[in-house]
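Number of protein chains: 4
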Amino acid sequence: MASNSLGNIFRISTWGESHGKAIGVLIDGCPAGLALSDADIQAELDLRAPGNNPYTSPRAEKDQAQIYSGVFEGQTTGAPISIIIPNEDQDSSKYDALKNKLRPGHANFTYLEKYGIFDHRGGGRASARETAARVAAGAVAKKLLKTQGVDIFAHLCQVGNVKINSSEDFELMARNTGQSALHIADPLAETAMIAALETAKQAGDSLGGVVEFIVRHLPSGLGDPVYEKLEANLAKAMLSLPASKGFEIGLGFTAAELLGSEHNDVFENEEGRIHTATNHAGGTLGGISTGEALIGRVAFKPTSSIRKAQSTVDVQGQATVLELPEGSRHDPCVAIRAVPVVVAMCALVVVDAILMARSARWED
Amino acid sequence: MASNSLGNIFRISTWGESHGKAIGVLIDGCPAGLALSDADIQAELDLRAPGNNPYTSPRAEKDQAQIYSGVFEGQTTGAPISIIIPNEDQDSSKYDALKNKLRPGHANFTYLEKYGIFDHRGGGRASARETAARVAAGAVAKKLLKTQGVDIFAHLCQVGNVKINSSEDFELMARNTGQSALHIADPLAETAMIAALETAKQAGDSLGGVVEFIVRHLPSGLGDPVYEKLEANLAKAMLSLPASKGFEIGLGFTAAELLGSEHNDVFENEEGRIHTATNHAGGTLGGISTGEALIGRVAFKPTSSIRKAQSTVDVQGQATVLELPEGSRHDPCVAIRAVPVVVAMCALVVVDAILMARSARWED
Amino acid sequence: MASNSLGNIFRISTWGESHGKAIGVLIDGCPAGLALSDADIQAELDLRAPGNNPYTSPRAEKDQAQIYSGVFEGQTTGAPISIIIPNEDQDSSKYDALKNKLRPGHANFTYLEKYGIFDHRGGGRASARETAARVAAGAVAKKLLKTQGVDIFAHLCQVGNVKINSSEDFELMARNTGQSALHIADPLAETAMIAALETAKQAGDSLGGVVEFIVRHLPSGLGDPVYEKLEANLAKAMLSLPASKGFEIGLGFTAAELLGSEHNDVFENEEGRIHTATNHAGGTLGGISTGEALIGRVAFKPTSSIRKAQSTVDVQGQATVLELPEGSRHDPCVAIRAVPVVVAMCALVVVDAILMARSARWED
Amino acid sequence: MASNSLGNIFRISTWGESHGKAIGVLIDGCPAGLALSDADIQAELDLRAPGNNPYTSPRAEKDQAQIYSGVFEGQTTGAPISIIIPNEDQDSSKYDALKNKLRPGHANFTYLEKYGIFDHRGGGRASARETAARVAAGAVAKKLLKTQGVDIFAHLCQVGNVKINSSEDFELMARNTGQSALHIADPLAETAMIAALETAKQAGDSLGGVVEFIVRHLPSGLGDPVYEKLEANLAKAMLSLPASKGFEIGLGFTAAELLGSEHNDVFENEEGRIHTATNHAGGTLGGISTGEALIGRVAFKPTSSIRKAQSTVDVQGQATVLELPEGSRHDPCVAIRAVPVVVAMCALVVVDAILMARSARWED
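Protein chains in written order, with the working numbering: chain B, 79 to 442; chain R, 79 to 442; chain C, 79 to 442; chain D, 79 to 442.
The structure is reproduced here in C-alpha cells:
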C-alpha cells in the first residue's frame with residue numbers, strides 16, 4: 079500500500095503533521111550524478127511561501143528545508159534523499175475549542191471514522207502543509223528535468239467565475255505568471271480575480287479556482303499503457319492534492335462537446351519532424367506523450383475553513399456552531415497556493431515516466 | 079512498474095491485443111469464500127456487448143468469458159483468478175491499408191515512438207477491447223460488493239452538448255438507466271441525445287460524452303491518505319480508460335466557481351447517524367469516504383475513428399489521406415460503451431479500498 | 079501485495095492449479111524488440127519435462143506452451159506476454175480418498191487454516207506444477223540475457239548425503255550437466271547419487287538435495303541497495319520455490335566458519351580489468367554484482383509425498399493413516415526437477431536487475 | 079522499485095549514511111491505536127548498542143531515536159511514523175587515506191561501478207549503521223506483536239567453527255540469551271566462542287557467525303503463496319542485511335540430507351489442537367505458518383574490515399596495500415551485533431504478514 083508514497087522508480091514518501099516537530103519527504107530512486115543543494119530546495123519552497131500576497135495565510139514561519147542524506151560532495155549518490163522541514167510555529171492551543179466539532183469540508187470526521195483517532199491540530203496529515211514536502215521533492219525533479227530542457231509552469235486560470243482568456247503564447251504566459259504574486263498569466267484577468275477574492279475575503283468566505291499546467295519540450299514516448307498512462311498518473315497525483323475536485327487533460331470536459339472531426343489533431347510534417355497541427359489532446363495519445371506540450375487543469379474547491387459561522391454537530395452528534403477563533407489563518411482561495419504544488423506534481427510524474435521509459439526497449 | 083496492473087490488494091492485470099488469440103485478466107488478491115461462476119462474468123460482459131444499440135459498433139462476436147483458475151467447487155480459493163475471453167472475429171486484413179498511416183487521435187504514432195513496433199491491427203493494447211477484461215474483473219468486484227450491500231450504477235449524462243438534468247432520485251435514475259439501451263437516466267434527454275448521435279453518424283463523424291457514476295451504501299472510512307485517496311485512485315482508474323479526458327468528484331470543476339459557504343456540506347444528526355445535509359463533496363473528505371453516495375463524472379472525447387477523410391502523414395512523414403475501409407466498425411460515441419466500464423472501475427477501486435481499510439486499526 | 083507476482087520492472091504473475099484447465103504466466107515489463115516464439119518457451123519446458131529419467135514422476139502429458147499476447151510478427155511489443163499451458167491429464171479422482179487427511183509436509187493444513195478452502199486435487203497452487211509457469215517466463219528472460227552474453231546453468235550438487243566435488247572449471251561443469259539426465263556436473267558423483275536415489279525409491283521413500291546455480295558474464299553494477307540487493311532478490315525467488323529450505327550466496331554458511339583474511343576476495347588488475355583474485359563472495363559486494371560469476375545454492379527437502387504409510391489426523395483431528403493410492407506419481411527427489419526452475423529464477427531476477435540498473439545514473 | 083523499502087502493508091523505508099547528519103526510518107502502514115513512545119524505540123536500540131561487550135566496535139555515540147510524526151497523544155494515528163537518529167560522532171578524516179583504495183569484501187568498488195560516485199566515509203549506505211534504522215522500525219513491529227502474544231528471540235548459535243548444542247527448551251534459551259552480552263544461549267559454548275573471538279581479535283582478524291531466530295506463539299495462516307511465502311520474505315529480509323551470506327528455515331540445508339520419512343512432520347491432535355509432532359519444517363508449510371515456532375538461521379561472513387594489511391588495487395587499478403588507520407573501529411564478528419537486527423527483521427516480516435492475512439477471506 080504505502081499510502082504516503084507516489085511514483086514507481088522516482089518514488090517520494092511524505093510524512094509529518096502540520097503541528098508536529100517537522101514534516102519531510104524521502105525520495106528513493108533519484109539517479110546518481112545530479113548536482114543538488116539545500117538552496118535548490120529552498121528556492122522552490124520560497125515560491126510556495128505564505129505571505130507573498132494578501133490572499134494566502136500569513137503563517138509566521140519560513141520553511142527551511144535541509145537535505146539529510148543522499149547527497150555527497152554536492153552530488154546525488156543514488157541513495158535515498160531525506161529532506162526535512164522543521165515546524166517552527168506550533169501554538170495549537172487555539173484549535174482546542176474546535177477539538178470535538180466536526181468541521182464542514184474538513185477531514186476530521188472521516189479520519190475519526192477510519193482510524194478512531196485524529197490529530198486535530200491544524201489538520202494533521204490532511205493539512206495543506208503536507209504539500210510543502212511535495213514541493214521540496216518536486217524541486218529535485220525539476221532540477222533533473224532542467225538538464226534535459228523540459229520546462230514546467232502552472233498558472234491560476236480561474237478564480238470563482240473569473241476565467242482568463244486562453245492563449246497559445248506560452249512564453250508570454252510563463253513570463254506574466256512569474257511576475258504575478260497570484261500566479262496569474264493574464265494581467266487583465268488578474269484585476270477581476272483580485273476583486274472577487276477581496277469580496278469573498280471581506281465576507282469571511284472563500285473561493286474556488288482552477289490551475290492550469292503546461293509542460294514544454296517533453297520528449298515523446300513517456301507514459302506506460304495501460305494503467306500507467308501519463309495522464310492517469312497525473313490525474314492521481316492531482317486528485318491526491320488537498321481540496322482538488324477535478325482533473326482534465328487537453329480539452330478535458332470540453333472535448334465531450336465536440337465532433338471527432340473537430341477534436342482530432344491532424345499529423346503533419348514540419349521540417350522533418352512529425353507533429354500534430356493542433357494539440358487538443360493535451361500532449362498524449364494512448365497515454366503516451368506525443369512530444370507536444372502537456373497541458374491540463376486541476377479544479378480546487380473553495381477553502382473549507384471560513385470565518386463565517388457554520389452550523390454543525392460535535393463528535394457525539396450534538397448540534398453546535400463552528401466559529402473559527404480570532405486570528406485563524408486561512409487562505410481565501412487554496413488554488414493560489416496550489417500553483418507551485420501542481421508544478422511539483424507534474425515534475426514528479428514526468429521524471430518517473432522518463433525513468434520508466436528507459437525500460438521500453440531491449441536494444442536502445 | 080507493472081503498467082498493465084491496477085490495485086493494491088485486489089489487483090488486476092489485463093493482457094491481450096484486439097486481434098490476437100484472446101484477451102484476459104488475472105485477478106490477484108481476491109479473498110477466498112466468494113461464490114463465483116462463469117455466468118457471473120458473462121452477465122456483466124453482456125451489458126457491454128456491442129450491438130445492443132445502433133450507436134455501438136456491430137462487432138460480430140459475442141464475448142465468452144471463461145474462468146481458468148482460482149475457483150474450486152464454485153468458490154474463490156484465494157488463488158489468482160484467470161479469466162480468458164477468446165477473440166473470435168479476427169480478420170485484420172482490412173487494416174493493412176492503414177498500416178503505415180498515422181491516425182489522428184490514435185496511439186499508433188506514440189507506440190511507435192516508444193516501442194519501435196506497433197500491432198496495428200485494431201489498435202493493439204490501445205484498443206477499447208481491452209476494457210472487456212476490465213469488465214470481467216469488475217464483475218468479480220461487483221459480486222463482492224453486493225454481499226455488503228454496496229450498489230454502483232453509471233449513466234450517460236452528456237452526449238455532445240446535450241446534458242441530462244441532474245436529480246437526487248438515484249432509485250429512479252438507476253431504474254431508467256437499466257431500461258435504456260444507451261444507459262441514459264432521463265428519457266427526455268435520451269431523445270435529444272439520439273438525435274445528436276444520428277446527426278453525427280450520418281455525417282461520418284463522432285461525438286464525445288460524459289459518464290456519471292454513483293456508488294450508494296458505501297461504508298465510511300475507505301481511502302488512504304495521502305496518495306491513495308479514494309478519489310485519487312478513481313481518477314487514475316478513469317484516466318486509464320481509452321478516450322477519457324477528464325475526471326471530477328462531487329461538483330468537480332463547478333466547485334471552483336462557488337463560495338466556501340455554498341460548497342461546504344454541513345454535518346447533521348439524522349436519527350443518531352451523523353451525515354452531511356448536502357453532498358457537494360461527492361462522498362469523500364480528505365480522500366476518505368464519508369458514507370454518503372460517491373459521485374463523479376468522466377469525460378470522453380469523440381471517437382477518433384471517423385468515416386470522414388482526414389489528412390495526415392505516414393510513418394515516413396509523407397502527406398497522405400486517411401480513409402477508413404468500407405465496413406469499418408466504430409462507435410459514433412465511445413462514451414456509450416464506456417458506461418459499464420466506468421462501473422467496473424468503480425467496483426475495482428472500492429473493493430481494493432475496502433481490503434486496504436482492514437489494516438487501518440490494530441485493534442478492530 | 080500481488081502475492082503471485084515477482085519482479086519490479088520485468089514482473090511475472092503465475093496462475094493456475096495443478097488440476098484446473100490450465101496454468102499460465104503473465105509477463106509485464108518485457109521490453110520491446112526481442113525475437114520470441116512458442117518454440118523458445120517450449121525448449122525450456124522440455125528440459126523440465128517429467129519422464130526424462132526414472133527419478134521424476136512420469137506424468138503423461140507433455141506441457142505445450144502457447145504465447146497468447148505481447149508478440150507481433152515474431153517480436154515482443156512491450157505489451158504483456160501471456161503464456162498458457164493447458165493441463166491435459168486431469169483425472170483427480172484418485173485424490174478423493176485423501177481429501178480430508180492432513181498430509182505431512184504438505185500445504186493442505188495451512189491453506190485450510192488461511193483460506194478455509196483448499197483445492198486438494200494435486201496440491202492446487204502449492205503444487206510443483208506451478209513451477210512450469212516460472213520456467214516459461216524464465217525462457218523469455220534467458221533469451222533476453224543471451225543477447226547480452228549472460229549465461230546461466232545449474233546443477234544438482236547434492237542428493238541426500240552424496241555431494242559432488244567442487245570445481246572452478248565452469249565450462250566442463252556446464253557441459254557435463256547438459257549431458258546428464260539428472261543435471262549432475264560430475265559423472266563420478268552421478269553414480270553414487272543414482273544409487274542413493276534407487277535405495278530411497280525402493281523403500282518408498284524420498285531424498286533431499288541441493289542445487290547450485292552459476293551465472294557467468296554478468297555485468298557489474300546489478301542489484302539495488304539496500305532491500306533490493308541482488309542476493310536478497312535471489313533468496314526470495316529461491317525460497318518461493320516449493321520444498322526449498324535454504325539459500326546461500328558464495329560460500330554461504332561455510333563463510334561463517336572462516337577468518338576475514340581467508341574470506342576476503344582481494345582486488346587485482348588483470349590486463350586493465352579490475353577484478354577479484356578469488357570469488358568467495360559469489361559475485362556480489364554490498365548487494366551489487368562485481369562482474370565475477372554469481373554463484374549460490376538452494377536446499378530442497380525430500381519430497382513430502384512418499385509411498386510409505388504415515389500416521390496423521392484428518393481435518394476433524396481424528397487419527398488416521400495416510401497411504402498414497404497405487405500409481406501415484408511422485409518424484410523421489412524434487413531437487414532434480416528443480417534444476418531448470420532454479421535457472422529460470424536466476425534469469426528472472428537478473429533481467430529485472432538489469433532493467434532496474436538503467437535508472438542508476440542520470441547521465442549515462 | 080523503492081530499493082530502500084521493505085514490506086507490503088507495514089512498509090519501512092530507511093535512509094541516511096554512516097557519516098551524514100542522521101539516519102532514519104519512515105514507517106508507512108502502521109495501524110492506528112498502538113501506544114508508542116520514544117522510549118519504546120530507545121529500548122531496542124540500546125540492545126544493539128556498541129560497547130556492550132569487547133567484541134563490538136566502541137563507537138562513542140549513543141544512538142538517540144526520536145519519533146517525528148505519526149504519534150499523537152501517545153498513540154499511533156495511522157499516519158507515517160518518521161524516526162530519526164542523529165549521527166553525533168562524525169570525524170571521517172581518518173577515512174581519507176582509504177578514499178581511493180578498493181577495500182576487499184567492501185562495497186566501494188560495486189557502488190562506484192553502479193553509481194559512479196561513492197560516499198567513502200564509513201561505508202555510506204552499505205554501512206552496518208543502516209541497521210540501527212531497522213532496529214528502530216522493528217521496535218514498533220515488536221510492540222504490535224507483543225499485544226498479540228507473539229514472542230521473538232535470536233541468538234548467536236555459531237562463531238567461526240564453534241557451534242552451540244541445539245535445544246528445544248526455548249524458555250531456557252531465551253533466558254540465557256538475555257543474560258549474555260554476546261547473545262549466546264548456551265553458557266558452555268559461550269566460553270569457547272569468546273576464546274575464538276579473542277584469538278581472531280589478537281591476530282587483527284575477524285570471524286564469521288550464524289544467528290538463529292525463533293518466533294513463538296505465531297498464529298497459523300500467515301504468509302501468502304506463492305511469491306510472498308513467509309520464508310521467502312524472511313529470506314529476502316535477512317539477505318538484505320550487510321554481511322549475510324545464507325538463510326535457512328527449519329532444518330535448512332540439513333533437510334537435503336534426509337529421507338522424506340525422517341523429515342516429514344507428522345500431524346497429531348493434542349487436546350483438540352491439531353499440530354505437528356516435530357517441527358523440522360521450521361513453522362511453515364507451503365509458505366504459510368503452521369502455528370508451530372518459526373525457526374531459521376542466518377549466516378554472516380567474517381567482518382571485511384580487518385587490522386591485518388591486505389593487498390589490493392586503487393580505483394585506477396594500481397597495486398597498493400590496504401591498512402586501516404590506527405583506532406579504526408571494527409567488530410571482530412559482525413554476527414554479534416546482528417542478533418537484535420535479525421529479531422527486528424523477523425518482527426517486520428511477521429507484522430506485515432499479519433496485516434496481509436486480514437485480506438485472505440471475504441467473510442471473516
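Cβ coordinates follow ideal geometry from the N, Cα and C atoms, glycine included. Please read these numbers as outputs of a predicted model, since none were measured by experiment.
Quick one: residues in its chain with C-beta nearer than 8 Å to the C-beta of residue i, no 5 flanking neighbours on either side, listed in chain order?
| i | result |
| --- | --- |
| C:L402 | L176, S383, I384, R385 and H408 |
| B:E346 | I352, H353, T354 and A355 |
| C:V399 | A387, Q388, S389 and T390 |
| R:D116 | A143, Q144 and I145 |
Can you tell me whether residue i is helix, strand or coil according to DSSP?
| i | result |
| --- | --- |
| C:D442 | Low confidence applies to C:D442: its pLDDT is 49, below 50, so where it sits in the model is not reliable, and the reading given next is rough at best. Residue state, collapsed to three classes: coil. |
| D:T154 | strand |
| R:V304 | coil |
| D:G292 | Before going further, note that residue 292 of chain D is Ile rather than Gly in the sequence given. D:I292: strand per DSSP, three-state reduction. |
| B:V240 | strand |
| D:H353 | strand |
What residue range is occupied by the uninterrupted beta strand (DSSP E) comprising residue i?
| i | result |
| --- | --- |
| C:S318 | That residue, C:S318, is in no beta strand (DSSP E); it is neither H nor E in DSSP. |
| B:G374 | L372 to F378 |
Near residue i, what residues of its chain come up, given a Cβ to Cβ distance below 7 Å and the 5 sequence neighbours on each side ignored?
| i | result |
| --- | --- |
| B:L222 | L112 and V429 |
| C:L285 | V237, G238, A274, L275, A278, P380, P410 and C411 |
| C:P158 | L104, I105, D106, S147 and G148 |
| B:I87 | G107, D430, L433 and M434 |
When burial is assigned at 16 or more other CB atoms within 10 Å of the CB, is residue i buried or exposed?
| i | result |
| --- | --- |
| C:A210 | buried |
| R:H198 | buried |
| C:K82 | The question names Lys, but residue 82 of chain C in the sequence shown is Asn. Classification of C:N82: buried, given that the 10 Å Cβ count is 16 or more. |
| B:N165 | buried |
| R:V218 | buried |
| C:K307 | buried |
| C:D141 | buried |
Among residues of its own chain, excluding the 5 on either side of residue i, which ones have a beta-carbon nearer than 6 Å to its beta-carbon?
| i | result |
| --- | --- |
| B:A447 | Since the displayed chain B opens at 79 and closes at 442, residue 447 of chain B lies outside it and no answer follows. |
| B:D442 | Confidence at B:D442 is low in this model, with a pLDDT of 49, below 50, so its placement is unreliable and the value that follows should be read with caution. Once the five neighbours on either side are set aside, B:D442 has no close Cβ partner at all. |
| B:A185 | A204 |
| B:V228 | H295 and L296 |
| C:G201 | S96 |
Taking the alpha helix (DSSP H) that residue i belongs to, which residues open and close that run?
| i | result |
| --- | --- |
| R:A202 | The identity of residue 202 of chain R in the sequence shown is Gly, whereas the question assumes Ala. Here R:G202 belongs to no alpha helix (DSSP H), and DSSP marks it neither H nor E. |
| B:V399 | Segment A397 to L400 is the beta strand (DSSP E) holding B:V399; no alpha helix (DSSP H) there. |
| R:G338 | G338 to H341 |
Residues of the stretch 158-170 of chain R whose Cβ lies closer than 9 Å to any Cβ of chain C, in chain order: Along the stretch 158-170 of chain R, the positions whose C-beta sits under 9 Å from a C-beta of chain C are P158, I159, S160 and I162, read in chain order.
Chain R contacts made by the stretch 188-213 of chain B, where a contact means CB separation under 8 Å: Result list: T188, Y189, E191, K192, Y193, G194, R203, A204 and E208.
Contact set between the stretch 317-333 of chain D and chain C, restricted to residues whose Cβ is under 7 Å from the partner: Taking 7 Å as the Cβ-Cβ cut-off against chain C, the residues of the stretch 317-333 of chain D that qualify are L317, S318, K323, G324, F325, E326, I327, G328, L329, G330, F331 and A333.
Contact list for the stretch 403-415 of chain R against chain B, Cβ threshold 8 Å: If the cut-off is 8 Å between Cβ atoms, the stretch 403-415 of chain R has A413 near chain B.
Chain D contacts made by the stretch 379-392 of chain C, where a contact means CB separation under 7 Å: Here the close residues are K379, P380, T381, S382, I384, K386, Q388, S389, T390 and V391.
Within 7 Å of chain R by C-beta, residues of the stretch 83-96 of chain D in sequence order: Under the 7 Å Cβ criterion, the stretch 83-96 of chain D contributes I87.
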